[in-house]
Amino acid sequence: MMCDLMLPLRGHTMWSPLLLLLIMGVSEVNSGHSLQYYYTAVSVPEIGLREFVSAGYVDGIEITRYSSDVGRAVPAAPWMEKVEDPEFWERETKNYEVQEKYIKLFLNMEMKRLNQTNGYRIVQVMHGCELRDDGSTRGYARLGYGGKDYLELDSLHSNVTWLTNESQRIAETLNSQEGAAVEQLQVLLQTGCIDQLTKCVGYSKDVLDRRVRPEVKVSDQTVNGVTKLHCQVYGFYPQDLDVNWQKNGIDVSSHEAKHVSPTVTALTRSESPWKYRQRIEKVTPASWITPGWTDHLMKQQRRMDGVFL
């Protein structure tokens, strides 16, 4: 995670950006738990790439996986190997099997429609659910073919959004006698996914409850009289984190929006599918460099369970 702050130099004032009162508040966003499944089906299996592969993640940590050649859900984390509940593994396997069936159906349907009977084609699907601290829930799903989005589903608003001109035909096919795929997916997100999430959280409690303090690094770069402070935050857990700049102990907030131009982008960890949030705040008024910023080293704060450590 990175956040940048730009400060203009006034006249010939010399100062080190690292000796500013740069209190970077780092606080955990306690938003509950999530369960996500990722599926990939290919038309022509190759060496090292199976016809159908999938994996399940709780709070961004891989816990189960499935492939067409194995044909059952298997643990992907050491603590999941100790789970002996047959009902859990039966439900997990059933979920993977059902998704494999419908995803392959969709793959074959699109290849025929587009006259793509030869060559390498791929379908990717993601669906998941969230159980928030206030007890509210949300389910969501996305479907793509050949790198193009086809469907978005959000159970919170009971919305199914088809992102292609062929949406009506696709919906009719997937909801035909061959299987009411979309309807079943909606039911899964509203009930089954939350039930499975609750079990996964219980099995993974020791790992999910751990707290890892963030490492923080600040560097600076001056170009054309403007110094940009670069702040990097890494190595933390849980993954949800808010990072902000403070001046004299006060957050750079909305009332100073005319001086702040935030840009939100995303960084992806190579070993995980979830994304980090990146906030860049650019501060331009010359009055901000004196006397508000005083000579102190950067201080990092971490809020865990309502307590700064």
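Mapped onto mature numbering (1 follows the signal peptide of the UniProt record, and there is no 0), the consecutive letters of the sequence shown carry residue numbers -31 to -1, 1 to 278.
Yeah, the Cβ is synthetic: ideal placement off N, Cα and C, and Gly gets one too.
Residue i, buried or exposed, once every other Cβ within 10 Å from all chains shown has been counted against 16
i           : result
Pro183      : buried
residue 280 : Any property of residue 280 remains undetermined from this structure, which presents the chain solely from -31 to 278.
Pro55       : exposed
Asn84       : exposed
Ser105      : exposed
Glu59       : exposed
Asn64       : buried
Leu18       : exposed
Tyr89       : exposed
Val192      : exposed
Asp28       : buried
Thr187      : With the sequence shown as reference, residue 187 is identified as Val, and Thr is not the correct amino acid for it. With 16 or more other Cβ atoms within 10 Å, it is buried.
Residues of its chain near residue i, where Cβ-Cβ distance is below 7 Å and the 5 sequence neighbours each way are ignored
i      : result
Ala45  : Ala24, Glu31, Ile32, Thr33, Arg34
Val181 : Gly204, Phe205, Tyr206
Gly115 : Arg90, Ile91
Tyr7   : Ser23, Ala24, Met95, Pro242
Ile163 : Cys98, Leu100, Thr106
Beta-bridge partners of residue i, as assigned by DSSP
i      : result
Thr33  : Gly25, Pro44
Asp118 : Gly113
Tyr8   : Ser23, Val94
Gly108 : Cys98
Tyr206 : Val181
Asp103 : None; Asp103 has no bridge partner.
Glu69  : None, per the DSSP bridge assignment.
Cys169 : Answer is none; Cys169 lacks a bridge partner.
Lys63  : Lys63 pairs with nothing; no bridge assigned.
Glu15  : Leu18
Reference residue i; option with closest CA among the options
i      : options                       : result
Tyr206 : Glu50, Arg179, Leu112, Asp103 : Arg179
Met95  : Gly161, Gly29, Tyr109         : Tyr109
Val52  : Ala10, Val170, Val181, Asp102 : Val170
Pro47  : Asp118, Val176, Val181        : Val176
Lys73  : Ser12, Ser3, Thr86            : Ser12
Ala10  : Val181, Phe75, Val92, Gly40   : Val92
Gly161 : Gly115, Arg82, Val67, Lys117  : Val67
Leu166 : Cys200, Glu99, Glu79          : Glu99
Same chain, Cβ closer than 6 Å to residue i, neighbours up to 5 away in sequence not counted
i        : result
Pro14    : Glu20
Glu69    : Phe21
Gly(-21) : Because Gly(-21) sits at a pLDDT of 36, beneath the cut-off of 50, its placement in the model cannot be relied upon, and the following sentence gives the value as read from the coordinates. So no residue of the chain qualifies.
Gln5     : Tyr26, Gly97
Glu61    : Thr33, Ala42
Asp103   : none
Asn77    : none
Arg82    : none
Cβ shell of residue i (< 8 Å), same chain only, five flanking positions each side left out
i      : result
Glu50  : Pro44
Lys168 : Asp54, Phe57
Thr86  : Met80
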